Every structure is written in C-alpha cells, then in structure tokens.
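Take a look at the structure below.
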Amino acid sequence: MTDLMRPTVYSPVSKWIHWITAILVLGILAGGILMTRMDEGALQDQIFDMHRAFGVVVFALALVRVAARRMLGTPAPDETLSPLERRVSVGVHHSLIALLILMPLIGWLMTSAYRVDVSVFGLFTLPHLMPKSEPIYDALSAAHATLGFLMAGLIAVHGGAAFIHRFIKKDGVMQRMLPARD
Ligand code: HEM
Ligand code: HEM
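Numbered according to the numbering used here, the sequence shown spans residues 701 to 882.
Listed below in structure tokens is the structure:
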C-alpha cells in the first residue's frame with residue numbers, strides 16, 4: 701500500500717480492538733502462569749476454562765485486526781521516530797500480531813492432542829483439530845510456554861516504549877492509540 705493511500709490515524713474500531721486485546725492478553729498471561737503453578741482443584745479448573753475461552757476471543761479479535769489492516773491499511777510510523785525506531789516498532793507490532801494468532805492456535809491444537817474440550821464460556825465447543833497424542837501435546841505445550849514468555853517480553857518492550865514516549869519524550873506516539881480529543 702502506498703503512503704498516499706494509508707490512513708493517517710488508527711480508527712476507533714482498531715483502538716477498541718487494541719485495548720480489549722491488551723487487557724485480555726495481560727490477564728491470559730497472568731492466568732497461564734498462575735494456573736500451571738497452583739494446587740489442583742476447582743479454582744485451577746476455572747482459571748483453565750477462562751484462559752482457554754478468553755484465548756479464543758483474542759484469536760477472533762486478531763483475525764478481525766489482520767483483515768482490517770489488510771483491507772484498510774494502518775498509519776505509517778510516527779514522523780518523529782528514527783529509521784531504526786520505525787523498524788523496531790513495526791517489527792514488534794508484526795511479531796505481536798503473529799503471536800496473537802499463533803498462541804491460541806497452539807493452545808487449541810495441544811488441548812485437542814490432550815483430548816480436553818475447548819469450551820467457550822459454555823456457549824459452544826470447538827472441534828478437536830487432531831487425534832490424541834501425548835508426545836505432540838508435550839512438544840506443543842513447551843512451544844506454548846516458550847512463546848508465551850517471549851510474548852510477555854515483547855509486551856514489556858512495547859508497553860515500556862509507549863510510556864517512554866508519553867512521559868519522557870512527551871511526543872504524540874501514545875496519543876495515536878488513545879481516544880481522539882475533539
Ligand atoms: C501497557 C499496555 C500497552 C500500551 C501502553 C500500548 C500502546 C500502544 C501504542 C501507543 C500503539 C501505537 C503505536 C504507533 O502508533 O506506532 C500501539 C500499537 C500496537 N499495539 Fe499496543 N500497547 C499496549 C499493549 C499491547 C498488547 C498487550 C498487545 C498485543 C499483545 C499490543 C499490540 C499492538 C499492536 C499489534 C499495535 C500496532 C497497531 C495495530 O495493529 O493495532 N499492544 N500500542
Ligand atoms: C493469546 C493467547 C494465549 C496466551 C498469551 C497464552 C499463554 C500461556 C502461558 C504463559 C501459559 C503458562 C505456560 C507455562 O508456564 O507452562 C499457558 C498455559 C496453557 N495454555 Fe495458554 N495462552 C493463550 C491461549 C490459549 C488457548 C486458546 C488455549 C486452549 C484452547 C490455551 C491452553 C493452555 C493450556 C492447556 C495451558 C497449560 C499448560 C499446558 O498444558 O501446557 N492457551 N498459556
């Protein structure tokens with residue numbers, strides 16, 4: 701897409717998707733780390749259910765985000781960024797979007813390999829993507845954990861950069877993702 705055809709601001713819908721996703725992903729990461737380290741029981745089961753169901757919501761929102769980015773485009777990086785900052789910022793955004801799709805997919809695949817149903821808030825159940833297999837479950841589970849920690853690191857860099865722009869550099873980068881002030 702040429703720069704002339706690109707939007708100049710994030711649309712209200714893409715801002716809503718960004719912030720709903722951000723809140724859900726932070727909760728899913730915290731829940732994932734907690735549920736794998738706590739005692740077994742009803743509370744652990746509930747956190748597992750919420751982790752999987754909100755993970756599916758994040759997956760659906762990510763598909764909408766990718767479709768919207770492809771059809772409508774996305775604003776060019778802020779003019780105040782250096783060429784290196786632009787490359788890092790776009791690279792982090794693309795990696796986060798890839799992980800927003802990859803993490804739920806791996807979660808869904810490994811839950812299928814373990815033969816547990818993925819129920820979305822009791823409203824519907826996703827089909828199993830593959831036959832039961834313990835070795836495949838083990839490999840996917842390790843990938844899900846490693847990529848989960850990579851994602852947490854990228855979010856720390858991304859969120860940290862946004863706060864540096866807001867409170868130290870005091871430029872307009874954070875404002876690009878906040879509600880428009882008219
Ligand atoms: C502390 C929390 C967060 C803050 C303060 C924040 C802030 C921002 C800001 C200011 C932008 C606009 C950057 C620009 O215009 O160049 C942005 C874009 C973006 N953010 Fe975040 N963010 C946060 C959490 C997250 C999380 C958890 C994710 C995903 C896991 C995420 C994914 C993205 C993506 C993919 C973009 C590119 C634009 C888009 O496709 O919608 N952010 N964020
Ligand atoms: C954005 C989406 C997701 C993120 C960021 C995420 C992140 C994580 C993290 C950090 C853990 C802890 C790993 C560990 O320390 O061992 C975890 C565990 C787990 N996640 Fe996710 N997850 C997501 C989506 C899903 C989905 C959609 C499912 C299932 C449909 C799922 C199923 C599981 C299961 C079953 C575990 C327990 C550990 C295991 O069996 O390997 N996750 N997740």
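A virtual CB, placed ideally from N, CA and C, is assigned to each residue, including glycine.
Note that this is a predicted model, so its numbers are computed, not measured.
Which residue's Cα is closest to the Cα of A776: Y837, R787 and A798? R787
Ligand 1 heavy atom lying under 8 Å from the CB of L850: no
To which residues of the same chain is A813 closer than 6 Å at the C-beta, ignoring the five residues directly before and after it? Taking A813 as the centre and dropping the five residues before and after it, the same chain places the C-beta of M830, S833, I836 and Y837 closer than 6 Å to its C-beta, in chain order.
If V758 sits next to I806, beta carbons under 8 Å apart, how far is it from one beta carbon to the other, in whole angstroms? Actually they do not touch by this definition, with Cβ atoms about 13 Å apart.
Please classify V709: does DSSP put it in a helix, a strand, or coil? coil
Rounded separation between I733 and T774 - CA only: 33 Å
Run through DSSP, which three-state label would T774 get? DSSP places T774 in coil when its eight states are reduced to three.
For a test of the three-state rule: what should DSSP assign to L826, helix, strand or coil? In the displayed model, L826 falls within a strand according to three-state DSSP.
Measure the C-alpha to C-alpha separation of A839 and L847 and round it to an integer number of angstroms. 12 Å
Within 10 angstroms of its Cβ, does L784 collect 16 or more other Cβ (buried), or is it exposed? exposed
Within the chosen definition, does the region 754-768 reach the region 787-805 through at least 3 CB pairs nearer than 8 Å? yes
Three-state secondary structure (DSSP) at S841? In this structure, DSSP gives S841 a helical state, which the three-state scheme calls helix.
Measure the alpha-carbon distance for R737 versus M750 and round it to whole angstroms. 16 Å
Tell whether a beta-carbon distance below 9 Å holds between L796 and L854. yes
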